[in-house]
DNA sequence: TCATCTAGACTACGGATGTAGTCGGAGGGC
DNA sequence: GCCCTCCGACTACATCCGTAGTCTAGATGA
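Chains as they are written, first to last, in this note's numbering: chain A, 32 to 153; chain B, 32 to 153.
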């Protein structure tokens, strides 16, 4: 089980998943600027992620380069699973039914998903 | 936007969504017993939910009866939406694709979803 | 009427989270 | 060699969350 990653921490992970390894300052520069974080904040988040073991660092001269230890897909899978458990009793169909009912599925989505399922069966 | 409901708080909401209005003690009795909560804990959670405005209470003699103010579907929709935004950039197809890739879809799921989509199109 | 039992209100407290500030050491310019 | 700068390490602090404990006033039974 991957340790829980908070909202803020995930914003930092997204940067490293996109491109790594990176130094702390580089990460801070690339984090979604709409957050308005100081670079101290980003460094704190990097430390916490390190403590959680979801990223690792290696020395490069007098600074560290950070890189993810866990894969984004694995994290996404875990979080999706948790939502499906919590909200839909672990069944996927009710999730899709729910999305459909709430009109969260566009006709294009429906086409795409059908194509996807056809492929799965072949 | 519905106020954030924590994990523990949701366990209490589930009770009220299933049946309401209920007194605090009744809620405590019905909460998933595997949590092993004291009734104090449940009362605290009820107060917090009240403060968040997601439940309401009415007096009944010398106690309160609690009932949800928000609908479960709305809450589920919000949480699903947040996951889809955070993990899949707001697109639903990647979610389904992801579930498929991770073998989280059983053949039965696939059949059911296909049937659902056929219905949606008609 | 007096002790007792409840129910809700208020208080507690450690860990997680969001958001930084400060300190001390290694490099670099002069 | 000396001071400044940049980096990571450590510290801070309010708020939320999980999980209760205590206090107080009204209902109850003897």
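Glycine is no exception: its CB is placed at the ideal position from the N, C-alpha and C atoms. This one's a predicted model, so the numbers in the text were calculated from it and none came from an experiment.
- Counting only the Cα atoms, residue 102 of chain B lies some 20 Å from residue 124 of chain A.
- Contact of residue 140 of chain A with chain B by beta-carbon distance below 9 Å involves 122, 123, 124, 127.
- CA-CA distance, residue 46 of chain A to residue 135 of chain B, rounds to 27 Å.
- When the Cα atoms are used, residue 87 of chain B and residue 58 of chain B turn out to be separated by approximately 14 Å.
- Nearest to residue 119 of chain B by C-alpha distance, out of A:138, A:121, A:104, is A:104.
- Closer than 8 Å at the C-beta level to chain A, one finds these residues of the stretch 87-114 of chain B: 104, 107, 108, 110, 111, 112, 114.
- With a 10 Å radius around the Cβ and a threshold of 16 neighbouring Cβ atoms, residue 40 of chain B comes out buried.
- DSSP places residue 98 of chain B in the uninterrupted beta strand (DSSP E) bounded by 94-99.
- One finds nothing in chain B with a Cβ atom closer than 8 Å to the Cβ of residue 76 of chain A; even the nearest lies about 16 Å away.
- DSSP places residue 86 of chain B in the strand class (E or B) of the three-state scheme.
- Judged by DSSP in its simplified three-state form, residue 151 of chain A adopts helix.
- Contact between residue 129 of chain B and residue 51 of chain A does not hold, since the beta-carbon distance rounds to 22 Å and is not under 8 Å.
- The residues 62, 63, 66, in chain order, have a CB closer than 7 Å to that of residue 42 of chain B in the same chain once the five nearest residues on each side in sequence are set aside.
- Taking 8 Å as the CB threshold, residue 143 of chain B lines the interface with chain A.
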